[in-house]
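First to last, the sequence lines map onto chains F and U.
So the first sequence is numbered by the numbering used here: it starts at 107 and just counts up by one.
So the second sequence is numbered by the numbering used here: it starts at 9 and just counts up by one.
Backbone N, C-alpha and C define an ideal beta-carbon position, used for all residues, glycine too.
Taking it in order: structure first as structure tokens, then the write-up.
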Amino acid sequence: MNKNILIIFIKKYKFSYIVGLVFMFLSSYVQTLFPKILGNTVDILKIKGFKPERIYVNIGWILLIAAGTFAFTYIWRNLVIGNARKLECYLREKLFDHFQILSPEFYNQRKTGDLIAYAINDINAVRQTLGPALSMAINGIVVCAISVYSMTRAVNWQLTLMALLPVPVMVYIMIHIGKAVKKRFKRVQETFASISDRVNENINGMRVIKSYVQEEKEVERFEKLNDQMVDSNLSMIRVSAFLPPLIELCFTVSFVINLIWGGNMVLKGSISLGDFIAFNGYLTMILAPVLSIGQVTTIFQRGMASFGRLNQIMSVKPCIEDTGTIMQPPRGQIKINKLTFTYPGTGKAALKNIGLTIPKGHILGIIGKTGSGKSTLVNLLLKMYPIGNGLIYFGDKDINEFKLEALRSGIGVVPQDNFMFHASVADNIRFFKEIYKPEEVIKAAQDSCIYESIMEFPKGFEAVLGERGVNISGGQKQRISIARALVREPEILVLDDALSAVDTVTESKILNNLRRVRKNKTTVIVASRISAVMQADEIIVLDKGEIRERGTHAQLIDKGGIYNEIYRYQFGTGKLESVG
Amino acid sequence: MRSTDTSSVLENWNPSVKGEQKKKSFKRLMLLNLPHLKKILAAALCVLLVNGAALAKPYILKIVIDDFLTSHIPQKGIYSLTGMGILYFVLVAFSGGFGIAQVNLINKAGQEILRNLRSQVFRTIQLLPLKYLDKTSSGSLITKATNDVEALSQLYTDVFMSFFKDIFLIIGIVSAMLILDVRLTLVSFCVVPAMFAFIFLLRTKIKQNFRKMKYLVGRINGFMAENLSGMKLIQIFHGEAERKKDFKKLNDGYYKVTSFQVWMNSFLKPAANVFRNITVAILIWYGMDKIAGGTLQIGILYAFATYIQQFFEPISDLADNYTNIQSAFVSADRIFELLDQKENLEDLEEGIGMERVDGNIEFKHVWFTYNDQDWILKDVSFIVRKGQTAAFVGQTGAGKTTIISLISGFYKIQKGEILINGVNINDIKKRDLRRNIAVVLQEVFLFSETIGKNISLNDEIDPGTIKEAVTASYAKEFVESFPGKINEPVMERGNTLSAGQRQLISFARAIAHNPSVIVLDEATANIDSQTEILIQKAIANMAKDRTALIIAHRLSTIRGADKIVVLDHGRIVECGNHAELMENGRYYKNMVLEGITA
């Protein structure tokens, strides 16, 4: 991605741009011929016993102008404005590509809403600049130049100057009142946004509001905003209502000057009636471009700013380099070698001196509080952050030797935040990949104990999540996430606190299934609940980024350390042994 | 012809309303105008005056051209070149004044109507029963209260009035032309119908296509939002190519629709010029003999050309407004559908007043279903006495959450009885009932207010009480650590707070409202063990001297309860305290054993 994305696009379509611009000039030029022909016709008509042929020629011209205007406009609009639309979609696609290669680090710092604004608003602003605004500007300049020239030719420069005198006033009024309207309009939008927020929050918090009987006071608060909405709207209208009449009044001054002065010139015989009418026609022609000055400059300014913003975002580089060459997914034992890791931009190490070997086919349990470094370890196994050489090995190969695609396709992860897409359950499980057969998807769902819940949806596996009637709980989401990882049958499976919202009975069922289907494959279970890890081949206890204890469940209970403490806390006072 | 085959990306695109419904909505919309009739009539009068001025302007020009510039009639007084110029100026000034008055008047009326509508919609939403809210997505309700009302705003302030204005302008132009020259009018009308059809159809199509574009932008927006939030997952699962494919489908679909827009606009944009030229050509062709014969004046020809041009704007407007009205009807329909819920709204004041509930709760053979099909609760009976703590356990979907909702009177049961203080819950004033019962849900909802405001909500609770509540809920320590302490604003619905901290704030909220019954859905979410200890202590504080009903997930909570109600598929399978159930029960014992030793 580079700065020249616009230039590349324009070069690619340079032929259509050149042809488009030529026809744009032609259409502007053709239009300016009309007042002159009309004036000339009037003059001919005024002559007693005029020759009809001369009129026919003029009628022919008028029709030719009509045809030309239509044909030329049709051509340039489809080329120039069409290109702008093409550019819009092209930029959006490039941006989407770019978003897909950026690292989690980037997304941690940016809000989703802001990023979408790039794809919609900023790209739109660029499109408007290179489409409508550019053509309005070119068209306006050509029309104005030819009109003013023709006006001086038809009458004289003095009247032209006089007639154009109100134009600066018009521009001033437009800018001045336009500013005030914009300011007040902003207030309207802000109030509307507040109302939206208010309603949004109110509806989402409806259960709290109802439980605490807050309905009436909520209405009172809403009414205040409602009044503000009315006020801000009316205050904008009070100003904006002046704009069109004032502009028209200015134009009327020009018109009346021509009417009186120009009319008297006709009476004196220094110009013909046709010249007078042509002059009038040109005066009207100038009006439209002048009125659009404000609009065009605003669009240009916005477009430039947006283009700058787009360039900035497009030049952000992903912080992970995909330089590995191994195309096969990792196999064999996992070895972590004196791994210390600090998140970029923070001074504190999130992991300290982690040494760990997980033999193939083992289940490793990792337990620890929030912030102990569990998820960091998972992120590093997936190389979500850049990592040095010699720290993590799969088999005898360093993690950096694997191509990212190979690495990640070999590791199935169930992340903490079980994100669901607005798509069918089946698509969520197979992650939009058509390579998995329906039986495989069903089996993954069964193994993660979500099959029955799915079958209760109106359309089963084809039910679209988030649509009416398909509301799923946090526990169900987690289980779909697990199915998503299982369907890939990865060599290495990592559950990152993926059972926290599942009740204990289901949890034990899932763990049993895992033991069955994951024989001879490596599984890492990260949890804060003892029940999830107690059956593991080895358990490590993480605290503040360090391994504090390691061993089997029985060993760690006997040890009487942190693990034992968590165990006693989670299972009551420790008297449960007598029960079980 | 270009194709607009974008059906795959437009699958949910269907903005139309049925005809019958349309008529009804239109009538109701018009009725809303009634209270503001005076303002509206005054505005209509202004419109007529503005229209009159618009019609008079070409006529003045005609007088100038014919009388002074062609026939050289001697000028005197106002009947002169200068006089006509001044008259023209005065006319424009007056019409401007009336225009300003009209816009202000109509907007005052329109905004009043909207204020009213907005307020009604919001009030209705407040009192909607949960039964309705369950069926409706919050998104669509929000749209009703905001965007749909705004869509009507355009209707009242712009559309109605310009509709009126345009129709009268068209009538006015035609009359003026007829008065000037009947035959010339008929000749010029060989163009007008074609022009009318062309512009009206094209504009309507363009508007409809524009709404398609907006819909697709919304889809792209949603798609992007989803993928950006799930980007980490996409990268982990290497789904970039698949997601890009779907995005490209949407983006290309959008491109097709926009190209169609560009294509249609390339016909419309030059239309004004082209039609004017054609009409002028026809007028000249028809008029040249008459002018030569002296039966037609050049000025009339010129005025006609201007009049024909004046047709343009109202026709374009009419087409725009036609589609605007259609989309406003869709919005109006949605709003009226909501307002029609009137009979179903909750009445907070109806029933027996109960200042203080002391907290005896009894379920007597309660049967309940949300959808009149599947029984969620089947013959559930239990008693929780004043001051007791009851724990409800069972698998997801066993009916635990439903019991909680029933106690607050959010749903009506189909069979059996729920007694609070011995009184049937249906007979108790809902306001009093809910005041006495504080509900703490698993997913804590925090408002974008200060922490203090989140605890007191809109109620006047003195700072001392809030402070005590914060202390009792063990939220004090972390609240004090904020720079603003209790006045620290909660950002983005509490996303900056941990799940445990949010929970503690919601406990403080419950305690501060001093209820006699606490209903708690214990969080299953993963909370660090330090906060976990605080939560346990806070729950103990809350339950002290109160009746507490807890959907429990932690054994420690369950063990401390006076009564454990074990639910399975909507039935109570076991009931008793921990020791009893471990002794005699099967289901509960299994749960405990499986969860721990399986």
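I believe residue i touches residue j by the beta-carbon criterion, under 8 angstroms. Please report the beta-carbon distance rounded to the nearest angstrom.
i: Ala233(U); j: Thr218(F); result: 6 angstroms
i: Ser133(F); j: Trp182(F); result: 6 angstroms
i: Cys250(F); j: Ile392(F); result: 6 angstroms
i: Glu595(F); j: Pro435(F); result: So it is not a contact: roughly 11 angstroms between Cβ atoms.
i: Ser76(U); j: Leu265(F); result: Residue identity check: residue 76(U) is Phe in the sequence provided, not Ser. Incorrect: roughly 17 angstroms between the Cβ atoms, too far for contact.
i: Ile636(F); j: Gln676(F); result: 5 angstroms
i: Asn444(U); j: Pro523(U); result: 5 angstroms
i: Cys583(U); j: Lys571(U); result: 7 angstroms
i: Thr132(U); j: Leu347(U); result: 6 angstroms
i: Phe515(U); j: Val448(U); result: 6 angstroms
i: Ala64(U); j: Leu99(U); result: 6 angstroms
State yes or no: is the beta carbon of residue i nearer than 9 angstroms to at least one beta carbon in chain F?
i: Arg164(U); result: The question names Arg, but residue 164(U) is Tyr in the sequence shown. It does not: the Cβ of Tyr164(U) has no partner Cβ on chain F nearer than 9 angstroms.
i: Ser146(U); result: yes
i: Gln511(U); result: no
i: Phe312(U); result: no
i: Asp254(U); result: yes
i: Ala289(U); result: yes
i: Val431(U); result: no
i: Asn352(U); result: no
i: Leu63(U); result: no
i: Met38(U); result: no
i: Thr266(U); result: yes
i: Asn41(U); result: no
i: Tyr262(U); result: yes
i: Ser161(U); result: yes
Looking at chain U, is there any beta carbon in it that lies within less than 9 angstroms of the beta carbon of residue i?
i: Gly651(F); result: no
i: Glu597(F); result: no
i: Lys475(F); result: yes
i: Met107(F); result: Because Met107(F) carries a pLDDT of 43, less than 50, the predicted location of this residue cannot be relied on, and the following value inherits that uncertainty. For Met107(F), the answer is no, since every Cβ of chain U falls outside 9 angstroms of its Cβ.
i: Leu265(F); result: no
i: Ser554(F); result: no
i: Cys425(F); result: no
i: Arg198(F); result: yes
i: Gly195(F); result: Contrary to the premise, residue 195(F) reads as Cys rather than Gly in this sequence. Cys195(F) counts as touching chain U.
i: Val685(F); result: Because Val685(F) sits at a pLDDT of 32, beneath the cut-off of 50, its placement in the model cannot be relied upon, and the point is left open.
For residue i, tell me which candidate among the options has the shortest Cα-Cα distance.
i: Leu236(U); options: Phe218(U), Lys222(U) and Phe255(U); result: Phe255(U)
i: Leu344(F); options: Val111(U), Phe337(U), Ala327(U) and Leu160(U); result: Note that residue 344(F) is Arg in the sequence shown, not Leu. That would be Val111(U), whose Cα lies nearest to the Cα of Arg344(F).
i: Asp576(U); options: Ile178(U), Gln403(U), Tyr482(U) and Arg517(U); result: Gln403(U)
i: Lys298(U); options: Lys152(F), Gly477(F) and Thr266(F); result: Lys152(F)
i: Ile228(U); options: Arg233(F), Ser481(F), Leu513(F) and Arg198(F); result: Arg198(F)
i: Asn534(F); options: Ile187(F), Ala642(F), Glu568(F) and Arg674(F); result: Glu568(F)
i: Leu160(U); options: Asn124(U), Leu135(U) and Val195(U); result: Asn124(U)
i: Ile580(U); options: Pro497(U), Ala587(U) and Ile391(U); result: Ile391(U)
Given the structure, does residue i come close to the ligand ZN, in the sense that its CB is under 8 angstroms from one of the ligand's heavy atoms?
i: Thr154(U); result: The model on display carries no ligand, and the ligand ZN is accordingly not part of it.
Segments assigned alpha helix (DSSP H), at least 4 residues, entirely inside the stretch 130 to 169 of chain U: 138 to 143, 146 to 151 and 157 to 162
Within 8 angstroms of chain F by C-beta, residues of the stretch 218 to 250 of chain U in sequence order: Val225, Ile228, Asn229, Gly230, Met232, Ala233, Glu234, Asn235, Leu236, Ser237, Gly238, Met239, Lys240, Leu241, Ile242, Gln243, Ile244, Phe245, His246, Gly247, Glu248 and Glu250
Within the stretch 465 to 494 of chain U, ranges of the beta strand (DSSP E) (whole runs, at least 3 residues): none
Proximal residues, the stretch 111 to 123 of chain U versus chain F, C-beta separation under 7 angstroms: Val111, Asn112, Asn115, Lys116, Gln119 and Arg123
Proximal residues, the stretch 600 to 615 of chain F versus chain U, C-beta separation under 7 angstroms: Asp603, Ser606, Ala607, Asp609, Thr610, Val611 and Ser614
Secondary structure, alpha helix (DSSP H): runs of 4+ residues fully inside the stretch 356 to 384 of chain F: 369 to 374
Short-range partners of chain U found in the stretch 130 to 141 of chain F, where Cβ spacing is below 9 angstroms: Ser133, Gln137 and Phe140
In chain order, each beta strand (DSSP E) run of at least 3 residues that lies wholly inside the stretch 27 to 89 of chain U: none
Length-filtered (4 minimum) alpha helix (DSSP H) runs lying within the stretch 252 to 294 of chain F: 263 to 270
Residues of the stretch 466 to 480 of chain U with Cβ closer than 7 angstroms to any Cβ of chain F, in chain order: Asn466
Beta strand (DSSP E) runs contained entirely in the stretch 400 to 444 of chain U, provided each spans 3 or more residues: 423 to 428
Chain U contacts made by the stretch 443 to 473 of chain F, where a contact means CB separation under 8 angstroms: none
Members of the stretch 172 to 187 of chain F near chain U, C-beta cut-off 7 angstroms: Ala172, Thr175, Phe176, Thr179, Tyr180, Arg183, Asn184 and Ile187
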